[in-house]
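Anchor point for the sequence shown: position 174 equals 174 in the UniProt record's numbering, and the numbering is continuous, going up by one each time.
By construction, the Cβ of each residue, glycine as well, lies at the ideal position given by its N, Cα and C atoms.
Below is one structure, written out as structure tokens; the observations come after it.
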Amino acid sequence: MALYHKYRPQVFAEVLGQDHIIEIITNALKQDRVYHAYLFCGPRGLGKTTVARILAKAVNCDNNIKNRISKIKKPKIHNTDPIIRGFEPCEKCQSCLSANRGSSLDIIEIDAASNRGIDEIRELREKSRFNASVPGRKKTFIIDEVHMLTKEAFNALLKTIEEPLEHLMFVMATTEAHKIPATILSRVQRFDFKKPPVDMISKHIDQIAKKEKISLDQEAILILSKLAEGSFRDALSLLDQIKEAKKDRQISGEDVIKNFGLARISVINQLIDLITSGNNNRALAVLEKMEASGVDPNYLTENMIENLIEKLKNNPEDIYLKSIEILARVQNKIRFSPLSYLPLKLAVFKIRTSANPVIQKIIEEKKADQKKEPEMFAEKVAEKSQANPVSNLTINSQWTKIINQIKAENPSLSALLESCSPKIKGDKFTIMTRYKFHKDTLDKNNNLDLIKAVIAQIFGREIQIAIEINPEYCQNYFLNKEEELVKNAEEIFN
């Protein structure tokens, strides 16, 4: 069994890092004031679904139900036992045991990612009409990844939530709270799960490792804690993976680094020093070595940013600030780049360039010069166009080349142009289309700009472009239609 399954919390006391939520929920259970709808929000692996299951168990626990009834009969009863006080599931009754097995009739889990349509929610509404299997229990619906529901499904769910039946309770979990409609948010109690600190995760890993007789040194525990990124579940998954690596001896930080393709802190510090000092060649050599070793560029970039923030606290230099800004942009580019290390390698040059005032001045002057170039270019184009007029013969000979060049950039546009014909009308390059729809498509800015650019490249100068509907085609079309109608009439009336 996977470690994160084996050590999944079964009662509120075992939930770590979410004390602010557990306190409110347990107080509601103590006072028998459980709300009809909850929304648990936060990143993955923080225990949203786990707390939802424990809450469902606590509400439906047979012993808790008995204790709540006895409190009504004997309101002065006082006891420090959490089970007697009615906020922890007893883990012994039939309700708790069936919930742990996943066979409870009163606790229904729904994965909204795969059951996101209105039909599934209608089915849920039908089920919600029936009472729980035992008096005193609540029919509890746990909806995971609720943000995945369609708009129509949310509207159907809203009706059930806004007019709740006494025997119903909804617990919804999401990693993307901003996608939940305001109409739903206003009718639920929202709890935001927070990432626990690294030292809390380290302590948890250490405890589980001792129970499982896995020997880890402190550096290995710390690295695993940071890799988990605030998730206890991920921390135990990583521990599960590394425990198979070295069964015969203690697992060191070096083992974790090699196993997960990480970079040592000393190497990251060296890389930052090389980049900020302008030693680009050596910095690139270090990056290439990391790439060959299989170091994850996302992990590397994130660690570089963390390291630079620490340096910035002690020594607020502009180079550190610029480095953080550039690396933050690199993180997004790495995800979509086919060469994952390329954005990071380019950042090496950008960082030093951005921090050098002399280079910045040259770049600004270059940009200023580029703004003047279009005006000068326009004058030259005007002169050249007068000197080298374009004829219909030249256009026809180059039309296939124009279409092929456009095809490389936009295949659908080139297909449309194949049905058109070019013509010189006055001083304009006119593209004759058959239909108004074709004309409207070619007139779109992005399409027209591409056509202009390709024609200018082929003829060595800018040429005015016009898009028109071919009147000859339209006339022939209607003449043909008229002839067809006459022919059909003759056949019908003999």
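Query: GLN270, DSSP secondary structure in three states; Result: helix
Query: Cα-Cα separation between LEU165 and LEU238, rounded to whole angstroms; Result: 43 Å
Query: Straight-line Cα distance separating ARG44 from ILE265; Result: 27 Å
Query: Beta-carbon proximity list for ALA220, same chain, < 7 Å, skipping 5 on both sides; Result: ILE251, SER252, GLY253, ASP255, VAL256
Query: Cβ pair THR301, VAL348 closer than 7 Å; Result: no
Query: Residue span of the alpha helix (DSSP H) that contains VAL330, given as start and end; Result: 318-336
Query: Exposed unless 16 or more other CB atoms sit within 10 angstroms - verdict on GLN18; Result: buried
Query: Pair within 7 Å by beta-carbon distance, LEU417 and ILE403; Result: yes
Query: ARG125 and THR160 closer than 7 Å at C-beta; Result: yes
Query: ALA153 beta carbon less than 7 Å from that of LYS48; Result: no
Query: Buried or exposed by the 16-neighbour rule on C-beta atoms within 10 Å, applied to ASP449; Result: exposed
Query: Cβ pair CYS41, CYS61 closer than 7 Å; Result: no
Query: Reference residue 570; option with closest CA among SER114, LYS139, ASP32; Result: The question about residue 570 has no answer here: the residues shown for the chain are numbered 1 through 494.
Query: Contact between the stretch 285-295 and the stretch 306-318 (3+ Cβ pairs under 8 Å); Result: no
Query: N-terminal and C-terminal residue of the alpha helix (DSSP H) that VAL454 is part of; Result: 445-459
Query: Same chain, Cβ closer than 8 Å to GLN189, neighbours up to 5 away in sequence not counted; Result: TYR35, ALA37, TYR38, LEU39
Query: For VAL286 and ASN280, the rounded distance between their alpha carbons; Result: 10 Å
Query: Residue span of the alpha helix (DSSP H) that contains MET304, given as start and end; Result: 297-314
Query: Reduced DSSP secondary structure (H/G/I, E/B, other) of PHE154; Result: helix
Query: PRO197 in three-state terms, based on DSSP; Result: coil
Query: For LEU39, the three-state DSSP class (helix, strand or coil); Result: strand
Query: Segment contact flag, the stretch 397-412 with the stretch 425-437, C-beta cutoff 8 Å, min 3 pairs; Result: no
Query: Cβ neighbour criterion (16 or more within 10 Å) applied to ASN447; Result: buried
Query: DSSP state of ILE143 mapped onto helix, strand, coil; Result: strand
Query: ASN314 burial status per 10 Å Cβ neighbour count (16 or more: buried); Result: exposed
Query: Rounded straight-line distance, which links the Cα of ILE201 to that of PHE232; Result: 6 Å
Query: Own chain, CB closer than 8 Å to LEU284, minus 5 neighbours either side, in chain order; Result: LYS345, VAL348
Query: DSSP bridge partner residues for SER421 (one or two, in chain order); Result: MET432
Query: THR80 - DSSP class collapsed to helix/strand/coil; Result: Below a pLDDT of 50, predicted positions are generally treated as unreliable, and THR80, at 47, falls in that range; the measurement from the model is reported next regardless. In this structure, THR80 counts as coil in the three-state DSSP scheme.
Query: Residues that DSSP places opposite LEU168 in a beta bridge; Result: LYS139
Query: C-alpha distance - ILE184 paired with ILE118, whole-angstrom precision; Result: 16 Å
Query: C-alpha gap between ASP32 and ALA56, whole angstroms; Result: 13 Å
Query: The alpha helix (DSSP H) enclosing PHE232, as first and last residue numbers; Result: 232-242
Query: Length of the line joining the Cα atoms of GLN405 and ILE451; Result: 10 Å
Query: Rounded C-alpha distance that separates LEU29 from ARG137; Result: 13 Å
Query: Opposing strand residues paired with GLN31 [DSSP bridges]; Result: DSSP lists no partner for GLN31.
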